[in-house]
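Here's the structure, in structure tokens; my notes come after.
Protein chains: 2
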Amino acid sequence: MPDKILRMARSDASTPRRPVMLAIAGDSAAGKTTLTKGLVEALGEDRCTSICADDYHAYDRVERKELPFTPLHPDCNYLDIMEQHLQLLAMGRPILKPVYNHATGTLDRPEYVEPKEFVIVEGLHPLSTKLSRACFDVTVFLDPPEEIRHQWKVQRDTAKRGYTAEQVVADLVRREPESAAYIRPQRRYADIVARFAPIESRNDPPGTPLSAELLLRPTIQHPSLSSVLTDDHRTAMHLKIMRDADGTPTDCLHVHGHASTEEARQLEKTIWAELEEDGGPPDSLGRITDDQRSEPLALTQLILLYHLLAAQGSER
Amino acid sequence: MPDKILRMARSDASTPRRPVMLAIAGDSAAGKTTLTKGLVEALGEDRCTSICADDYHAYDRVERKELPFTPLHPDCNYLDIMEQHLQLLAMGRPILKPVYNHATGTLDRPEYVEPKEFVIVEGLHPLSTKLSRACFDVTVFLDPPEEIRHQWKVQRDTAKRGYTAEQVVADLVRREPESAAYIRPQRRYADIVARFAPIESRNDPPGTPLSAELLLRPTIQHPSLSSVLTDDHRTAMHLKIMRDADGTPTDCLHVHGHASTEEARQLEKTIWAELEEDGGPPDSLGRITDDQRSEPLALTQLILLYHLLAAQGSER
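Residue numbers (this note's numbering), protein chains in the order written: chain C, 104 to 419; chain W, 104 to 419.
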């Protein structure tokens, strides 16, 4: 009998184009969807596929009531299937993706998903295994302070997912040990850690845009910003080298919420100029809602966009 | 940036045991489920995974009403995903298999399926592409005469799927061009073609068990039956060499419906003796319903069982 593996390899000679893969990991309500939306819009839906890794939940909401763990627990998800689908997408193959319906809490009919030029995978666990991490060109972890994330989660889950504020708070308490055990450890595997937060030393009035602190780790080659930015803490934007938790030197970009649009735009142009792309940075970056914008968010997205386009250039 | 493919390969070092894969292809109501059931029972559910390739339907029953083709058409199915899942199963990997609910006509929540020692894949299209065929160790096509299949389909679809006889007949007419174009061509890719039918030259009374005509093609090594069977047409069981449609020499085993249980059992023992298995052929073979048995079916299943067990032996 001829060897089956060889036979399969011979029959599967097509080599589809491989997409550039970006992971956006973070806890529930850390801002993953907002970050993703701006990028998809900037690239265009015809060039960019985005999927949510939470669709790999193994149990529906009713079944979970009987279980001793929350969706943050690996055992509550088909992480092996997630890995498999990430590999397939990274190889340019389509997948039949499961669908978790956040509104009803049910597992619905799966969706046929084909990878376009860029694939953005956001979710609770995209960086949780060695194999899943290997599938990405660029990895991000969203790391807001817990009190900010809790506010965001209450806001969203009461408005969009039919929970009461009390239920959301109780849920956050129940999830905390699993956040600590399974979500936050992914932070160490990200090329970029983004933290949106007020600046602790300042007493900005409510409504001041959040600042961004971006850890730009040397695991990938970032656009060179040191020529335009200094490590002077008195300015609204500064770049500083520091030691990461494990001692590795790393860059940390601070963009203050009160930085002027002009300042931010100047930096955006510097980053954009390193790419050989027509026009300027897309206007869609930085949008939070239809009438709310954030320059720190725009800059974060621009740096990601830089990486996506640069990775695509390098693979062709 | 290190090469993503290499990185994925390095992270995915586990090599699960590969199962023996059997395809049972054939048109709607050709007897695929009956054949499969007896095999699964003989092997035991702890050793055997069976899946239905019709679960890869791309549209539900309501959507299909608007479409110009039937489920027999490749475009009505995610055959690329079917291929992918067959490859994964053949490599010993789990899949998240879509589920088509025949009772309601809806596409339901997918199922996590892990390949056990043996995987049986029955359906309309398992042999329809080169890559899908490459995934199997043994392939079967069920080829009953059309009038028999039509009777079976009316019986089943009125009893189990909520259709009227008129609807089933209209459906058969509508499906015929696609049966001819997409289902029957798979016959030529099977290692074994099984035809259950009355013997044309005899005028057996209704209720006589159907006979089996098994084309045992030289694409795999069959148990040697020529020592116990002759090509004498006067006996209830005979083995004959003939030319296949393309001129290749092939074996054809005839088992008449009126063959005695003793005769059939003798042949079953001969086949079984070629395997180094304990005990005799499993009793579950040949069961059609709880109170209906067929020796020709039992023999067909036994030959398949022989191949499954032999393939497993050869791969270890």
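Note that the Cβ used here is the ideal one computed from N, Cα and C, for glycine as well.
Fair warning: this is a prediction, and the values are worked out from it, not measured in the lab.
Asked: By the three-class DSSP mapping on this structure, what secondary structure does Thr152 of chain W have?; Found: strand
Asked: At least one CB of chain C closer than 9 angstroms to the CB of Glu186 of chain W: is that the case?; Found: yes
Asked: Per DSSP, what are the beta-bridge partners of Val222 of chain C in this structure?; Found: C:Met124, C:Thr152
Asked: Whole-angstrom Cβ separation of Leu125 of chain C and Leu318 of chain C, contact assumed at under 8 angstroms?; Found: With a Cβ gap of about 16 angstroms, Leu125 of chain C and Leu318 of chain C do not count as contacting.
Asked: Distance, Cα to Cα, Tyr203 of chain W vs Thr322 of chain W?; Found: 33 angstroms
Asked: For Ser114 of chain W, return the contacting residues in chain C, with the cut-off set at a CB-CB distance below 7 angstroms.; Found: Lys233, Leu234, Ala237
Asked: Can you check whether the C-beta of Gln190 of chain C is within less than 9 angstroms of a C-beta belonging to chain W?; Found: yes
Asked: Check each residue of the stretch 156-186 of chain C: if its Cβ is closer than 9 angstroms to any Cβ of chain W, include it; give the result in chain order.; Found: Tyr159, Ala161, Asp163, Tyr181, Asp183, Ile184, Glu186
Asked: Using the beta-carbon of each residue, which ones in chain W are nearer than 9 angstroms to Asp294 of chain C?; Found: Near Asp294 of chain C there are no residues of chain W at all, since even the closest Cβ is about 10 angstroms away, more than 9 angstroms.
Asked: Out of W:Glu214, W:Thr173, W:Gly383, which one is the CA nearest neighbour of Pro280 of chain W?; Found: W:Thr173
Asked: Out of curiosity, what's the CA-to-CA distance linking Glu217 of chain W and Gly208 of chain C?; Found: 25 angstroms
Asked: Can you tell me whether DSSP reads Cys179 of chain C as helix, strand or coil?; Found: helix
Asked: Which residues in the same chain have their Cβ closer than 8 angstroms to the Cβ of Ser327 of chain W, if we skip the five residues on either side of it in sequence?; Found: Glu377
Asked: When you compare only the Cα positions, how much space is there between Leu402 of chain W and Arg396 of chain W?; Found: 11 angstroms
Asked: Please classify Gln404 of chain C: does DSSP put it in a helix, a strand, or coil?; Found: helix
Asked: Taking a Cβ distance cut-off of 8 angstroms, strictly less, list which residues of the stretch 201-215 of chain C are near chain W, in chain order.; Found: Pro201, Thr209, Leu210, Asp211, Arg212, Pro213, Tyr215
Asked: Can you say whether Arg298 of chain C is buried or exposed, counting buried as having 16 or more other CB atoms within 10 angstroms of its CB?; Found: buried
Asked: Taking 9 angstroms as the threshold (beta carbon to beta carbon), is Arg121 of chain W in contact with chain C?; Found: yes
Asked: Give the range of the alpha helix (DSSP H) segment to which Thr373 of chain C is assigned.; Found: 364-376
Asked: Tell me whether Asn180 of chain W is buried or exposed, calling it buried when 16 or more other Cβ atoms sit within 10 Å of its Cβ.; Found: buried
Asked: List the endpoints of the continuous alpha helix (DSSP H) containing Pro352 of chain C.; Found: Taken as a continuous stretch (DSSP letters only), Pro352 of chain C belongs to no alpha helix (DSSP H), being part of the beta strand (DSSP E) at 352-358.
Asked: Output yes or no for whether 9 angstroms exceeds the beta carbon distance between Phe239 of chain W and Leu189 of chain W.; Found: yes
Asked: Hey, does Pro229 of chain W have any beta-carbon neighbour from chain C nearer than 9 angstroms?; Found: no
Asked: Along the stretch 315-337 of chain W, where does the CB come closer than 9 angstroms to a CB of chain C? Name the residues.; Found: Ile323, Gln324
Asked: Against Arg196 of chain W, what residues of chain C qualify as contacts under a CB-to-CB distance less than 9 angstroms, listed in chain order?; Found: Asp183, Gln187
Asked: Who are the Cβ neighbours of Ile251 of chain W in its own chain at under 7 angstroms, not counting the five residues just before and after it?; Found: Ala300
Asked: Of the residues W:Thr353, W:Ala293, W:Ile406, W:Ile391, which one's Cα is nearest the Cα of Thr373 of chain W?; Found: W:Ile406
Asked: Give me, in chain order, the residues of the same chain whose beta-carbon lies closer than 7 angstroms to that of Ser387 of chain W; leave out the 5 immediate sequence neighbours on both sides.; Found: Gly141, Glu144, Ala145
Asked: Are the CB atoms of His336 of chain W and His357 of chain W nearer to each other than 9 angstroms?; Found: yes
Asked: Just to make sure I have the definition right: I need the residues of chain C whose C-beta is within less than 7 angstroms of the C-beta of Leu199 of chain W. Which are they?; Found: Tyr181, Ile184, Pro201
Asked: Output needed in chain order: residues of the stretch 269-295 of chain C with a Cβ under 9 angstroms from some Cβ in chain W.; Found: none
Asked: Flag Met111 of chain C as yes if its beta-carbon sits less than 9 angstroms from any beta-carbon of chain W, otherwise no.; Found: yes
Asked: Report the partner residues of Phe299 of chain C according to the DSSP bridge assignment.; Found: C:Ala315
Asked: Tell me, please, whether the stretch 256-270 of chain C touches the stretch 147-160 of chain C by the rule of three or more beta-carbon pairs shorter than 8 angstroms.; Found: no
Asked: Mind listing the chain W neighbours of Ala193 of chain C? Cutoff is C-beta to C-beta under 9 angstroms, in chain order.; Found: Lys107, Ile108, Met111
Asked: Return the CA-CA distance between His341 of chain W and Arg305 of chain W, expressed in angstroms with no decimal places.; Found: 16 angstroms
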